[in-house]
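Residue 1 is where the sequence shown starts when you use the UniProt record's numbering, and the numbers rise one by one after that.
Scroll down for the structure; my scribbles are underneath it.
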Amino acid sequence: MASDHVQPITLSRFLIEQQRLPEHPCPAELRLLIETVARACKAVGHAIARGALGDVLGALGSENVQGEVQKKLDVIANDLLLDANEWGGHLAAMASEEMETIHRIPNRYPKGEYLLLFDPIDGSSNIDVDLSVGTIFSVLRAPDACAGRDVTEEDFLQPGRDQVAAGYALYGPQTLLVLTIGTGVYEFMLDREVGSWRMTDGPMRIPAGNREFAINMARRRQWSPAVARYVEERILGAEGPCGVDYNMRWTASMVADVHRILKRGGVFLYPSDHRTTGKARLRLLYEANPMSFLIEQAGGSASDGAGRIMDVAPTGLHQRIGVMLGDADEVKAITG
Ligand code: FDP
1 MASDHVQPIT
11 LSRFLIEQQR
21 LPEHPCPAEL
31 RLLIETVARA
41 CKAVGHAIAR
51 GALGDVLGAL
61 GSENVQGEVQ
71 KKLDVIANDL
81 LLDANEWGGH
91 LAAMASEEME
101 TIHRIPNRYP
111 KGEYLLLFDP
121 IDGSSNIDVD
131 LSVGTIFSVL
141 RAPDACAGRD
151 VTEEDFLQPG
161 RDQVAAGYAL
171 YGPQTLLVLT
181 IGTGVYEFML
191 DREVGSWRMT
201 DGPMRIPAGN
211 REFAINMARR
221 RQWSPAVARY
231 VEERILGAEG
241 PCGVDYNMRW
251 TASMVADVHR
261 ILKRGGVFLY
271 PSDHRTTGKA
281 RLRLLYEANP
291 MSFLIEQAGG
301 SASDGAGRIM
311 DVAPTGLHQR
321 IGVMLGDADE
331 VKAITG
């Protein structure tokens, strides 16, 4: 008997429908670029799933530009994203957490009008303990001024509000792709049997009023008075000024924490160290900006404590920034 269960639409169909929108049509080149990134994320997810049997776990013994020990999967995922996106003709250059400087498209391939930034494996400390990790990506337009010359690092230093697409893959119990091209946030799940991404949620809206905050409590000494007050009041719960109990969640993977916020609400906080100017954990261009784009598109807000993250004018490829994002009311309760 034929099943009457209608399968949700695929990522390809969603993007083609976006290309046909009378207002804000998705350019064909951008559609093809996103499909390529999504294909690369499938390969990254496959590599992760091979785990110890595929000899992909553990550290490499090298350090990345941030001075962090590189895991084997950091490098494998970086190479998969580079290889998949090099030859399609949609990009002028790429940048990644794992590479000191930008990767220009080699001369043997045609060049396109977009710039791709990514964090190939976010939440690396989770890899060896079989917990969720993700890939984050951001797409910018290459400035007109770089036509006919080599792309430079400066071409990547654009504020987050200029992103044309952003998203992440979440490698958890299911493999998901969450995407925005400025027309809302959509979630796709990898159907492993047929190898395609199918829409499972969207347009996503951050549910209001969920009383959960995500913060690494061990960094308490670094918090500003505003962040400390916010957290203290929530720990007091029903016995404090909030009058209700809150819960704390921390997965040590920004992708997993942001995904929980998109689905269930609450806030994610990784503030900068208020004692030291500019000392922060998360990177602006390939972590904070793409996540802020998704969060704002889902009705939330994203601040560095002083203002909107997506309005920050970047000064360096690997620049770090404090991050407070999620439910707009909760973010406001910290930033005022
Ligand atoms: P990681 O460096 O392990 O890739 O990208 C930064 C990040 O992960 C975030 O995903 C995560 O939220 C945070 O660092 C974890 O930080 P803690 O080690 O302080 O928990």
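For each residue, glycine too, the CB sits at the ideal point set by N, CA and C.
Check                                                                                                                 : Outcome
Inter-residue Cα distance where the pair is residue 224 and residue 230                                               : 10 Å
C-alpha distance - residue 293 paired with residue 239, whole-angstrom precision                                      : 35 Å
Residue 81 and residue 44 closer than 9 Å at C-beta                                                                   : yes
Residue 255: CB within 8 Å of a non-hydrogen atom of the ligand FDP                                                   : yes
Residue 282 CB to nearest heavy atom of the ligand FDP below 8 Å                                                      : yes
Other residues of its chain near residue 222: CB distance less than 6 Å, five sequence neighbours each side excluded  : 273
Bridge partner(s) assigned by DSSP for residue 303                                                                    : 308, 324
Proximity below 9 Å, CB of residue 255 to CB of residue 133                                                           : yes
With 16 other Cβ atoms within 10 Å as the buried cut-off, status of residue 107                                       : exposed
Outcome for residue 277 when other beta-carbon atoms lying within 10 angstroms are tallied against a minimum of 16    : exposed
Spatial neighbours of residue 26 in its chain, beta-carbon cut-off 7 Å, leaving aside the 5 residues before and after : 15, 18, 19, 181
Near the ligand PLP: residue 219 beta-carbon under 8 Å from a heavy atom                                              : This structure simply doesn't include the ligand PLP; it includes the ligand FDP instead.
Start and end residues, beta strand (DSSP E) containing residue 260                                                   : That residue, residue 260, is in no beta strand (DSSP E); its alpha helix (DSSP H) goes 254-264.
For residue 79 and residue 303, the rounded distance between their alpha carbons                                      : 32 Å
Outcome for residue 279 when other beta-carbon atoms lying within 10 angstroms are tallied against a minimum of 16    : exposed
Secondary structure of residue 46, DSSP reduced to three states                                                       : helix
Beta-ladder partner(s) of residue 134, from DSSP                                                                      : 122, 170
Three-state class that DSSP yields for residue 12 in the structure shown                                              : helix
Boundaries (first-last residue) of the alpha helix (DSSP H) holding residue 297                                       : 289-297
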